[in-house]
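Under UniProt numbering, the first residue of the sequence shown carries the number 1, and numbering increases by one thereafter.
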Amino acid sequence: MLGTASLLFDDLEGDPRNPWLASVFVPVGCRGKGVVSALVSAIEEEARRLGYATLYLYTTSAARLYAGLGWRALERREYRGEHIQVMDKVL
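(1) Can you tell me whether Pro16 is buried or exposed? The criterion is at least 16 other CB atoms within 10 Å of its CB, across all chains shown.
(2) Out of Met1, Leu2, Asp10 and Gly3, state which residue places its alpha-carbon closest to the alpha-carbon of Leu55.
(3) Going by other Cβ atoms of all chains shown within 10 Å of its Cβ, with 16 needed for buried, is Leu91 buried or exposed?
(4) Give the DSSP bridge partners of Thr54, in chain order.
(5) Rounded to the nearest angstrom, what separates Glu82 and Thr60 at their Cα positions?
(6) In angstroms, rounded to a whole number, what distance separates the CA positions of Trp71 and Leu65?
(7) Among Ala38, Val26 and Ala47, which one has its Cα closest to the Cα of Leu8?
(8) At the level of alpha carbons, what is the spacing between Glu13 and Gly34?
(9) Going straight from the alpha carbon of Ala22 to that of Ala53, what length do you get?
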């Protein structure tokens with residue numbers, strides 16, 4: 001397995017925005033090889049194909065990575081006991 005990523009609805013409880021890039025995971029041995037970029041691009045393309053103009057995500061630790069892929073920081077907040085960064089990308 002090189003990695004996983006999901007396109008979800010209602011990923012951030014109580015937030016009306018949809019859809020969400022979620023569950024992005026790449027094993028340590030596969031990192032730094034463009035796998036995250038490929039997974040994120042595939043989810044972006046699927047959201048676009050489904051007719052969405054904007055995609056959202058939240059992260060506890062990878063905001064710089066996503067910013068490098070063209071995502072925009074929207075807000076920082078606490079969610080389920082963790083500090084998260086909510087981001088979006090216009091498709």
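Where a beta carbon is used, it is the ideal one built from N, C-alpha and C, also for glycine.
These numbers come from a predicted model, not from an experiment.
In terms of the structure at hand:
(1) Your numbering for residue 16 matches position 16 in the sequence shown. Answer is exposed; the Cβ neighbour count stays below 16.
(2) Residue 55 sits at position 55 when you count from the first residue of the sequence shown. Nearest of Met1, Leu2, Asp10 and Gly3 to Leu55, Cα basis: Asp10.
(3) Position 91 of the sequence shown, counted from the start, is the residue given in the question as residue 91. Taking all protein chains shown into account, Leu91 has fewer than 16 neighbouring C-beta atoms within 10 Å of its C-beta and is therefore exposed.
(4) Along the sequence shown, one-based indexing puts residue 54 at 54. For Thr54, which the question treats as bridged, DSSP gives the partners Val90.
(5) The residue labelled residue 82 in the question sits at position 82 within the sequence shown. The residue labelled residue 60 in the question sits at position 60 within the sequence shown. Cα to Cα, Glu82 sits roughly 7 Å from Thr60.
(6) Locating residue 71 in the sequence shown gives position 71, counting from the first residue. Locating residue 65 in the sequence shown gives position 65, counting from the first residue. It is roughly 9 Å from the alpha-carbon of Trp71 to the alpha-carbon of Leu65.
(7) As a position in the sequence shown, residue 8 is number 8, starting the count at 1. Minimum Cα distance to Leu8 is reached at Ala47.
(8) In the sequence shown, residue 13 corresponds to position 13, counting from 1. In the sequence shown, residue 34 corresponds to position 34, counting from 1. So the two alpha carbons sit approximately 30 Å from each other.
(9) Residue 22 sits at position 22 when you count from the first residue of the sequence shown. Residue 53 sits at position 53 when you count from the first residue of the sequence shown. Those two C-alpha atoms are separated by around 17 Å.
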